[in-house]
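Quick note on full-length UniProt numbering: the sequence shown kicks off at 1 and runs consecutively.
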Amino acid sequence: MPENGESSAAALSLTSSTAGEITVVKVDGVLDATTREQFADYLSLAGPGLILDLAGVTFMDSRALGLIVHHWQTSLTSGSKFALVGVEYSKSKVMWITGLAQRLPLYDTLDDALAAIG
């Protein structure tokens, strides 16, 4: 149960900016079943070029990973740019358990991602 009057929606904060034609979405908080719809709705507003900054993620479950993979696959089929930055093993173990960490375009920093896909 959330404490101090916080709702489950407060468990996730999403902000965006642009770098050229690429939308950069900064994710802070929990990515799980309780925040998946909020995350999906926010991502649906992003343009075709997308970088997800996951440095602020405190936990990620398989549902959230499925949504990320969907956006990655869509970018592959449409020729759009896509990258993930700031992914930490301890907070998104599901990426490594599934083997997707070796397939997804992961970069340490936003600058690294922009240099690679920009």
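Quick reminder that beta carbons are idealized off the backbone N, C-alpha and C, glycines included.
Since the model is a prediction, treat every value here as computed from it, not as a measurement.
Taking the beta carbon of residue i as the centre, do at least 16 other beta carbons fall within 10 Å, making it buried, or is it exposed?
i, result
"ALA33", "exposed"
"ASP53", "buried"
"ILE97", "exposed"
"ALA64", "buried"
"GLY86", "buried"
"LEU43", "buried"
"SER90", "exposed"
"LEU45", "exposed"
Short check: CB of residue i to CB of residue j, under 8 Å?
i, j, result
"LEU106", "LEU84", "yes"
"VAL25", "THR18", "no"
"ALA40", "LEU67", "yes"
"VAL94", "ASP61", "yes"
"HIS71", "PHE82", "yes"
Across which residues does DSSP place residue i in a beta bridge pair?
i, result
"THR15", "LYS26"
Is residue i close to chain B, meaning its C-beta is less than 8 Å from at least one C-beta of that chain?
i, result
"MET95", "The structure shown contains no chain B, having only a single protein chain."
Evaluate the contact criterion for the segment 95-112 versus the segment 35-50: three or more CB pairs, one atom per stretch, below 8 Å.
no
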